[in-house]
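Residue numbers 98 to 263, in this note's numbering, belong to the letters of the sequence shown in order.
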Amino acid sequence: GTTDGHSGTADVSPRGGPPGFIKIVDDERIVIPDLNGNNRIDTLANIIDSPQVGLLLLVPGNGETLRINGRAVVTTAPDVLDLFDGEFRRPKTAIGIEIDEVFLHCAKSIRRGGLWQPDTWNQATISPGEILVAALGDEAFFSAAEADAGLEAAYARELALDTPAS
98 GTTDGHSGTA DVSPRGGPPG FIKIVDDERI VIPDLNGNNR IDTLANIIDS
148 PQVGLLLLVP GNGETLRING RAVVTTAPDV LDLFDGEFRR PKTAIGIEID
198 EVFLHCAKSI RRGGLWQPDT WNQATISPGE ILVAALGDEA FFSAAEADAG
248 LEAAYARELA LDTPAS
């Protein structure tokens, strides 16, 4: 989703989950769990500062996208957090959105880019670790391979934090 940053700039933060992870409260409201992320809480701070948000929803295999614009709140209300029990670990907060506008966008851009067509994907010639090491230059104290391995280990560890406790 997109939020307004403290300096008036737009801030974009990806959110994702299995089908149904966004809960429909009623015809005018939805709720998104605040799952484990980078712990910067930029989105939450932006919502508190300026509640206008925009979402672009992608469904794998579907070329059409759904755009939702509205006003968001950060909530810790137990009845809202209860919506996610069993599916994820109980989030500490959730983002409630009162919908102002909903748009369905045609699939032309998704089809042009071949997003859901693996045979059209170019094989990446540079890894995230290589990008990070290049950006840091002489400041890098690790190799690209170490960065890539660290990212994969962190993803595995942090995604496990979102699963319900046994």
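Heads up, the beta-carbon is just placed ideally off N, CA and C, and yes, glycines get one too.
Residue i vs residue j beta-carbon contact at 8 Å
i, j, result
"VAL199", "LEU163", "yes"
"ASP108", "THR190", "no"
"VAL128", "VAL177", "yes"
"ILE165", "ILE121", "no"
"ARG186", "LEU258", "yes"
"TRP213", "PRO157", "yes"
Coil, strand or helix - residue i by DSSP
i, result
"ALA174", "coil"
"LEU258", "coil"
"GLU125", "coil"
"ARG168", "strand"
"LEU212", "coil"
"GLU184", "coil"
"ASN143", "helix"
Nearest-angstrom Cβ-Cβ length linking residue i and residue j, presumed shorter than 8 Å
i, j, result
"VAL170", "GLY193", "5 Å"
"ILE207", "GLY160", "4 Å"
"GLY226", "ALA241", "4 Å"
Classification of residue i by the beta-carbon crowding that lies within 10 angstroms, buried from 16 upward
i, result
"ASN143", "buried"
"PHE238", "exposed"
"PRO111", "exposed"
"GLY210", "exposed"
"ALA167", "In the sequence as presented, Ala is not what sits at residue 167; that position holds Gly. The residue is buried, with at least 16 neighbouring Cβ atoms inside 10 Å."
"PRO116", "exposed"
Those residues which DSSP pairs with residue i across a bridge
i, result
"LYS120", "VAL128"
"GLY247", "In DSSP, GLY247 forms no bridge with anything."
Any non-hydrogen atom of the ligand COA closer than 7 Å to residue i Cβ
i, result
"ASP123", "The ligand COA is not part of this structure, which contains no ligands at all."
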